[in-house]
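Heads up: the structure comes next, in structure tokens.
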Amino acid sequence: MANSLHIKKGDLVRVTVGRDRGVEGKVIEVDPAKGRVFVEGANRVKRHTKVVQGGGRQGTTGGIVTQEASIPVSNVTLLVEVDGKKVPTRVGYERREVEKTRADGSTYKAFRSVRIARKTGEEI
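Take the sequence shown: its letter number 122 is residue 122 in full-length UniProt numbering, and every next letter is one higher.
Okay, here's the thing in structure tokens:
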């Protein structure tokens, strides 16, 4: 799988495939090695946790915990806001000129790659 993904932590996405299709939420975590993302409120699973007996007061209580499981990054679409509406868009990359400052205080021009929304052309 690729080392970098077009989706980053904190992005607003919509699930396009699967039982949670249509769910919108923020990306909680990204696993680029496996090509998977964790989306807030999507693909919720129940985990049964065991009571752990530790020394003193360290024991954790057991029970059923509901948490998000990962979904493939290909099953989500990035959303951007256009005129107050959330619109799905593809991600593009552009090299933009920026001004950087050296440790001695002098400035110079350099280029950096930024993510842009294909629908609006604005930086994400």
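Positions of the beta carbon are idealized from the N, C-alpha and C atoms, including for glycine.
Residue Val73 holds the alpha-carbon nearest to the alpha-carbon of Asn43 among Gln53, Val73 and Lys50. In terms of Cβ geometry, Leu12 and Pro32 do not form a close pair [threshold 8 Å].
About 4 Å separates the Cβ atoms of Gly41 and Gly25, confirming a contact at the 8 Å cut-off. Straight through space, the alpha carbons of Val37 and Lys100 are spaced by roughly 33 Å.
In the three-state DSSP reduction, Val27 falls in the strand class (E or B). In the three-state reduction of the DSSP assignment, Val39 falls in the strand class, which pools E and B.
With respect to Thr16, Val76 sits close: the two C-beta atoms are nearer than 8 Å. Nearest in C-alpha terms to Glu97, of all of Ile28, Arg112, Asp104 and Gly84, is Arg112.
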